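Structure first, then comments.
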Amino acid sequence: MRYLTAGESHGKQLTTIIEGVPALLPLTSDQINQSLLRRQKGHGRGKRMQIEKDLVDIVGGVRHGYTLGSPIALVIKNDDFKHWQDIMGEDPIEPDASLRRVVTRPRPGHADLNGAIKYGHRDMRNILERSSARETAARVAAGAVAKVLLNNLGINIVGYVNEIAGIKAEYSTDLTIEEKIAISEESPVRCLDSEAGQKMMDAIDKAKKEGDSIGGICEVCVEGMPAGIGSYVHYDRKLDARIAFAVQSINAFKGVEFGIGFEAARRNGSQVHDEITWSEESGYTRKTNNLGGFEGGMTSGMPIIVKGVMKPIPTLYKPLQSIDIDTKEPFNASIERSDSCAVPAAAVVMEHVVAFEIAKAILEQFPYDQFPKLKEAIDQYREEVRCF
Ligand SMILES: Cc1cc2nc3c(=O)[nH]c(=O)nc-3n(C[C@H](O)[C@H](O)[C@H](O)COP(=O)(O)O)c2cc1C
């Protein structure tokens, strides 16, 4: 299973093509729209989210509510394109600066300058339109399909916010995934601790008032994964490494941890490694889950717990100094419409990119063309793992 996305932030549409989804998986556009809607919510989002109401159009690979086994093509139209068609149109135009809305002032923290140097564009709109996190809507659409597949295999996944601007959520490790889904969905910052959630909102409002931005830490939890998915035999088949890659690839993500993560460096081995137990009913389990569900690049059967660190959003209403690439004069970086904090939305993006990597690994290990056969194989594998 793999996917590609295309489309610019203020272009006509975003397009996602997913290949390798088995046939006969029940799938509707409503399921994908629910995921898109969740990405658009969250305290701290800017004007753009009020303008765009993301809705998917499934234009290939699905018929009468079931996948066909052919590539799935998804389109998300940009509602605001009517105001941008001159600026973003695909046909040649006169070299008239006002129509082009040329950007010559790179924004610190964005792809603008590096991308302009790499692709040779003097107008950095050609960079920022694609490097914008608008593209994550297309990734969420792909992940939504993966989530439907996983849910149908009894694998549940949720993303939530653990920290914003240094304010940490405190919650019980005994929360079930269903509880995590319900609580995070009710919170405007996707936080499992309502008191911390309120403080996070206050911090977002404060940052907004000051023209600043703030970052945080998202966590994704996956339950229902059988042990032994992924592999240790090659670096690029390690599932934890693939998940880390996917998470790190989300715009503004600067680090990834599994389980206790960096804290492992400060503890003795006896305080890190998860002791193995066995029971007739559950098969092999671990007494603890410090390693976040992975050993040797493969799932241990414990919940996958992965965290991602998001830096504060780089576009500030209190702009940072930059250099105009035409005049080489210092300037204050130009402001495009911007969020002051997108950590809650990023948790949804993270949930979906993790879902895709997991679904992909499952299909590599169980390469069925028909979903019911995949389900049967996974059920049988679970039983084998329990009795192993
Ligand atoms: C959901 C989401 C929304 C974002 N919204 C904005 C935004 O409104 N303004 C902004 O400057 N950056 C935003 N970002 C972050 C930038 O896209 C990102 O920092 C930039 O593309 C540079 O990439 P890098 O930070 O990974 O190096 C957002 C990121 C995510 C995940």
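Just so we're aligned, residue 0 is where the sequence shown starts under numbering that gives the first Met the number 0, counting upward by one. Glycine residues also receive a C-beta, built at the ideal position from the N, C-alpha and C atoms. Computed from a predicted model, the values in this text were never measured in an experiment.
Query raised in the report: Is N267 helix, strand or coil by DSSP?
Result: coil
Report task. Determine the burial state of N77: buried for a count of at least 16 other Cβ atoms within 10 Å of its Cβ, exposed for fewer. Result -> buried
Query raised in the report: Is it the case that the Cβ atoms of V288 and V271 are separated by a distance below 7 Å?
Result: The identity of residue 288 in the sequence shown is Asn, whereas the question assumes Val. For N288 and V271, no; Cβs fall outside 7 Å.
Query - Cβ-Cβ distance between S97 and V55 below 7 Å - result: no
Requested in this report: Determine, using beta-carbon pairs with one atom in the stretch 195 to 202 and one in the stretch 223 to 237, whether at least three such pairs fall under 8 Å.
Outcome: no
Query raised in the report: Whole-angstrom Cβ separation of Q12 and V74, contact assumed at under 8 Å?
Result: 5 Å
**Report entry** Ranges of the beta strand (DSSP E) found wholly within the stretch 15 to 68, counting only runs of at least 3
**Finding:** 55 to 59
Requested in this report: Decide if A181 is buried, meaning its Cβ has at least 16 other Cβ atoms within 10 Å, or exposed.
Outcome: exposed
Query - Nearest-angstrom Cβ-Cβ length linking A5 and T14, presumed shorter than 8 Å - result: 5 Å
Query raised in the report: Does the Cβ of D338 lie closer than 6 Å to at least one heavy atom of ligand 1?
Result: yes
Report task. Would you kindly work out how many angstroms separate the C-alpha atoms of Y380 and W83, rounded to a whole number? Result -> 52 Å
Report task. Tell me whether A402 is buried or exposed, calling it buried when 16 or more other Cβ atoms sit within 10 Å of its Cβ. Result -> The question about residue 402 has no answer here: the residues shown for the chain are numbered 0 through 387.
Requested in this report: Could you say which of V246, V232 and G307 lies nearest to I357 if we only look at CA atoms?
Outcome: V246
Query - Length of the line joining the Cα atoms of S299 and E18 - result: 28 Å
Query raised in the report: Taking C-beta to C-beta, are V219 and V61 nearer than 7 Å?
Result: no
Query raised in the report: Taking 6 Å as the line, does the beta carbon of N250 fall inside it for any heavy atom of ligand 1?
Result: yes
Query - At least three beta-carbon pairs within less than 8 Å, the stretch 314 to 330 to the stretch 227 to 245 - result: no
Requested in this report: Could you check what DSSP says for T314 in three-state terms: helix, strand or coil?
Outcome: coil
**Report entry** Euclidean distance between Cα positions of Q320 and A140
**Finding:** 36 Å
Requested in this report: Report yes or no: do the stretch 335 to 348 and the stretch 146 to 153 share at least 3 C-beta pairs separated by less than 8 Å?
Outcome: no
Query raised in the report: Per DSSP, E218 is paired with what?
Result: Y159 and K306
Query raised in the report: Can you check whether the CB of E383 is closer than 7 Å to the CB of G158?
Result: no
Query raised in the report: What does a CB cutoff of less than 7 Å around G295 pick up in its chain, not counting 5 residues either side in sequence?
Result: Y231
Query raised in the report: At what residue ranges does the stretch 150 to 213 contain a whole run of the alpha helix (DSSP H), taking only runs of 4 or more?
Result: 176 to 185 and 193 to 208
Query raised in the report: Ends of the alpha helix (DSSP H) at E454?
Result: Residue 454 lies beyond the range of the chain shown here (0 to 387); nothing can be said about it.
Query raised in the report: Which of helix, strand or coil does DSSP assign to M123?
Result: coil
Report task. State yes or no: is the C-beta of H109 nearer than 6 Å to some heavy atom of ligand 1? Result -> yes
Requested in this report: Below 8 Å on the Cβ atoms is my guess for V188 versus V160; work out the distance and round it to an integer in Å.
Outcome: 6 Å
Query raised in the report: With DSSP run on the structure shown, which of helix, strand or coil describes A72?
Result: strand
Report task. Counting only the same chain and skipping the five closest in sequence on each side, list residues whose C-beta sits under 6 Å from that of S69. Result -> G60
Report task. Measure the Cβ-Cβ separation of G292 and M301 and say whether it is below 7 Å. Result -> yes
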